[in-house]
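Our numbering numbers the first residue of the sequence shown as 1 and each following residue consecutively.
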Amino acid sequence: MAITKDTIIGDVLDKYPQTAPIFLSIGMHCLGCPASRGESVADACMVHGVDADELIAKLNDAVGA
């Protein structure tokens, strides 16, 4: 599964738990809360002031997609 801006963070973490440190490294420390697990990567990036394209590239590199 390739990760996109529309991918739900909870889906990423369920399928690729090894991505948690990437989310944590950019300030997304609320990975366990219900709201964050239901929001898209793009939504989370907007809230945290992170470039979505850069994050998606890092995540896809980490999962080999």
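By construction, the Cβ of each residue, glycine as well, lies at the ideal position given by its N, Cα and C atoms.
Note that this is a predicted model, so its numbers are computed, not measured.
Cβ neighbours of residue i in the same chain (closer than 6 angstroms, five flanking residues each side left out)
i         : result
residue 6 : 40
Cutoff 7 angstroms; reference residue i; Cβ partners in own chain excluding five residues on either side
i          : result
residue 50 : 26
Environment of residue i [buried if 16+ CB atoms lie within 10 Å]
i          : result
residue 45 : buried
residue 24 : exposed
residue 28 : buried
Simplified DSSP state of residue i, which is helix, strand or coil
i          : result
residue 3  : coil
residue 26 : coil
Of the listed residues the options, nearest to residue i (C-alpha basis)
i          : options           : result
residue 33 : 16, 52, 42 and 10 : 10
residue 42 : 13, 35, 56 and 18 : 56
residue 8  : 14, 2, 65 and 38  : 38
Cβ neighbours of residue i in the same chain (closer than 8 angstroms, five flanking residues each side left out)
i          : result
residue 62 : 16, 18, 19 and 22
residue 60 : 2 and 3
Distance between beta carbons of residue j and residue i, contact taken as under 8 angstroms
i          : j         : result
residue 52 : residue 1 : Not really, about 17 angstroms apart at Cβ, beyond 8 angstroms.
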